[in-house]
Amino acid sequence: MTNKEYADILLPGVKHTWEEYEEMYPERDLPEGAIVTRYAPSPTGLPHMGNLFQAFVSKVFSDQTNGVFFLRIEDTDTERSIENGIEKILEALKPFNIEFTEGAISQTEYKGNYGPYIQSKREDIYKAYAKKLIEEDLAYPSFASKEELDEIRREQELSKQRLGYYGRWAKDRFISHEEAIERINNGEEYTIRLKSPGDFFKKVILNDAIKGKIELPENDIDEILIKSDGLPTYHFAHVIDDHLMHTTHVIRGDEWVSSTNKHLQMFEVLGFKAPKYCHIAPLNKNDNGTIRKLSKRKDPEATLMYYIEEGIPVGAVMLYLATITNSNFEAWLDANPNGKIEDFKFDFKKANSSNGSLFDLPKLLNISKNYLSRLSKEEIYNKLLEYTKEYDKDFYGIISKYPEYTKDILNIEREQKKPRKDYAKYSDIKQGIWYMYDELYEAKDYEWQKITDKEEIKNILNTYINEYYDENDDKDTWFSKIQDLSNNLGYAGNMKDYKENPDNYKGNVADISTVIRVALTTKSQTPDLYELLRLIGKDKIKERFNQFD
RNA sequence: GGCCUGUUGGUGAAGUGGUUAACACAUUGCCCUCUCAAGGCAACAUUCACGAGUUCGAAUCUCGUACAGGUCACCA
């Protein structure tokens, strides 16, 4: 019996030969230096921050070289795959502007010439290549059951040997074709394993684009290529797919580095050119002093929905991911405040090569503050509208009723060189400006400061509104009138005077304006009082001044 | 246990044989100021986990130790 006939028996019904597949997926026609990357999740749940980070890095590198960034679904674990996994992944990623140039669109559709992009639909392809290896006597059927494998492991542990199906432990390597066929005919289940040519005591070099040179022992384990359900293992699927899809850079989590010797070996054995590997460190978190990987189950901030629900701007999240990717991004942004992520040249060498970066929420919030302060009033108004529509319907109703008024409020000290930075999230905004709306304003819980005497307060307010306040004043005359008022009532209009001789005065101009501020808003801390008064208007100011008693 | 990787201030980090060891966040203090938010200025690692070695010279190179992470599935 020839090896070819043997391969046909082991993997029957394969429609195409590997040579045919090679022709079906030719080299890509791309400009010099174009990077082809992919995001290759298993549809076992929703993507989390770590996944987003990986996708972000992959996209950034392909974008800046006019390359390709595609989505491949790795669903060879039928047990763990969830319903509508692809749609859920796409939907979760959508708000973060992760768009793919090609790949799966839904369970049944895809775009691009290298599909299908769902591994369970590529079964024939993997088998075609497995057959090639069987024909070349580089792969063989293995009948070892779960129990037998457990037994081997036990023995290895007991005798303190390296774990795995290799060398003399790989007994099925030596099964004759005849015996194999007989056992198959008897209905025994089997896998296809690689006949590993590796020597554990020799080294293979992985030149990682991020981590640099890493020496690994050659792989000598007879890794499973095709599982007994006919689907490939991750390792085999990765090698076949990234070869056929012409991935130039495999960007993945660094939990894979210790398996990379297997992958390099498979590329070699199949005669393929291996891609460049870029292993990125995981996102960590400081949990009461211990550093651990960000966990989807334990950490709310690991889930993508957290950011949407909290109202943390997606744009800020992306800026934060950019600074984690290349720490010099931050300095660049500082020098180019209106710079876009697309304009920054990312570099693998500048990526964090250690054991992981701390995912620091306070830092992200700081970036977010700056981000929000740079938006125009229209931009922030529209974003706020979007957010409240989903998460604060009452407030949504109010701000959509008064669009121009709301924009003016949001614009206080905004469109200037050093804008206010008081909000890190869309959800912070309401508590900063609620008192500007009659629908939300309540004349109670006044935060009076130094001046608390009711009669004194009334006197200040009445004098101010009747004798001093004029809506047509510009800011300077507005303030000088407050100073006049202060002087006339026995308060220092000038802070310096007050500081020099505090005993000469009942108080100072700050106390006076605080009274006005609190009477108007109930709060002692607000944005610029001049703007607030102007926006509220004289009639309503009077109304509010009369409400507190 | 084997294999791989890492360890720079409270935190994230620059740094690749000669630097006063960048920068950012946080913190503290001062200034500015009608409150706040900002902004400005300053302080914060005599030292880069520890121990040896190479070198005129080491955070940077070598070895060892400690600690941390990853990985050793018919999961990805």
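Our numbering numbers the first residue of the first sequence as 1 and each following residue consecutively.
Quick reminder that beta carbons are idealized off the backbone N, C-alpha and C, glycines included.
Does the beta-carbon of T78 have 16 or more other beta-carbons within 10 angstroms, so that it is buried, or is it exposed? That one is exposed.
Distance between D254 and N328 (C-alpha atoms, nearest Å): CA-CA distance, N328 to D254, rounds to 22 Å.
Using alpha carbons as the reference points, say which of D199, V314, L133, R72 lies closest to G115. The candidate whose alpha carbon is nearest that of G115 is R72.
Would a C-beta distance cut-off of 9 Å place F236 and Y129 closer than the cut-off? Taking 9 Å as the Cβ cut-off, F236 and Y129 qualify as a contacting pair.
Three-state secondary structure (DSSP) at P300? The answer is helix: DSSP assigns P300 an H, G or I state.
From what residue to what residue does the alpha helix (DSSP H) around G103 run? That residue, G103, is in no alpha helix (DSSP H); its beta strand (DSSP E) goes 102–104.
From Y277 to V257, what distance separates their C-alpha atoms? Straight-line Cα distance between these residues: approximately 9 Å.
A144 in three-state terms, based on DSSP: Note: A144 maps to coil in three-state DSSP.
Would you list the residues sitting across from V560 in a DSSP beta bridge? Not covered by the structure: residue 560. The range shown for the chain is 1 to 549.
Are the segment 225–240 and the segment 201–213 touching, with three or more C-beta to C-beta distances below 8 Å? Contact fails between the segment 225–240 and the segment 201–213, because fewer than three Cβ pairs, one in each stretch, are under 8 Å apart.
Residues in the same chain with beta-carbon distance under 6 Å from K506, minus the five sequence neighbours each way, listed in chain order, please. Shown here for K506: same chain residues with a beta carbon closer than 6 Å to its own, the five before and five after excluded, namely G490, Y491 in chain order.
Straight-line CA distance for I308 to D476? C-alpha separation (whole angstroms): 42 Å.
9 Å Cβ cutoff met for S357 and K425: Their beta carbons are not under 9 Å apart, which means S357 does not touch K425 by this criterion.
Could you tell me if I205 is buried or exposed, where buried requires 16 or more neighbouring beta carbons within 10 angstroms of its beta carbon? Answer is exposed; the Cβ neighbour count stays below 16.
Whether or not the segment 424–439 and the segment 364–380 are in contact is what I'm after, with contact meaning three or more pairs of Cβ atoms, one per stretch, closer than 8 Å; do they touch? Counting Cβ pairs under 8 Å, three or more are found: they touch.
Whole-angstrom C-beta distance between P95 and V314, which should lie under 8 Å: Confirmed, Cβ separation roughly 6 Å.
Grab me the residues of S295's own chain with a C-beta within less than 7 Å of its C-beta, minus the 5 sequence neighbours each way, in chain order. Closer than 7 Å at Cβ, skipping near neighbours: A302.
For N219 and Q265, believed in contact at Cβ under 8 Å, the rounded distance: Between N219 and Q265 the Cβ distance is about 5 Å, and since that is below 8 Å, they are a contact.
Three or more C-beta pairs closer than 8 Å, one from the segment 15–31 and one from the segment 45–54: is that the case here? Short answer: they don't touch.
Is it true that the CB of P141 sits closer than 9 Å to the CB of L10? A contact, by the Cβ cut-off of 9 Å.
Any idea if F201 is buried or exposed, counting beta-carbon neighbours within 10 angstroms, 16 or more meaning buried? Answer is exposed; the Cβ neighbour count stays below 16.
If we count the other Cβ atoms within 10 Å of its Cβ and call it buried at 16 or more, is T514 buried or exposed? Per the 10 Å Cβ criterion, buried.
Kindly give me the distance between the Cβ atoms of T247 and V36, rounded to whole angstroms, as I take these residues to be in contact under 8 Å. Sure, about 5 Å apart at Cβ, within 8 Å.
Inter-residue Cα distance where the pair is K146 and E155: Distance between the alpha carbons of K146 and E155: 14 Å.
Find the nearest neighbour of Y405 within the set L461, P502, I516, I536, judged by alpha-carbon distance. Of the listed residues, the one whose Cα sits closest to Y405 is I536.
Have a look at L364 and N326 and give me their C-alpha separation to the nearest angstrom. Taking the straight line from one Cα to the other gives about 15 Å.
Report yes or no: do three or more beta-carbon pairs, one from the segment 406–423 and one from the segment 523–538, lie closer than 8 Å? They touch, by the three-pair rule.
Alpha carbons only, please: which of D392, A316, F545 is nearest the one belonging to K454? Of all alpha-carbon atoms in D392, A316, F545, the one lying nearest the alpha-carbon of K454 is that of F545.
Expressed to the nearest angstrom, what Euclidean distance is found between the alpha-carbon atoms of D63 and E5? Roughly 46 Å separates the two Cα atoms.
Are I541 and I451 touching if we call contact CB-CB under 9 Å? At a Cβ-Cβ threshold of 9 Å, I541 and I451 do not count as neighbours.
Going by DSSP in three states, P232 sits in which element: helix, strand or coil? In the three-state reduction of the DSSP assignment, P232 falls in the strand class.
Bridge partners - Y491, DSSP secondary structure assignment: Answer is G507, bridged to Y491.
Residue interval of the alpha helix (DSSP H) (run including Y129): Run containing Y129: 123–135, per the alpha helix (DSSP H) assignment.
In this structure, what does DSSP give as the bridge partners for P217? DSSP, once it has assigned bridges, lists K203 as partnering P217.
Assign F174 to buried or exposed, taking buried as 16 or more other Cβ atoms, counted over all protein chains shown, within 10 Å of its Cβ. Looking at its Cβ environment, which holds fewer than 16 other Cβ atoms inside 10 Å, F174 is exposed.
With C-beta atoms as the reference, is V68 less than 9 Å away from E102? Result yes, Cβ atoms of V68 and E102 sit closer than 9 Å.
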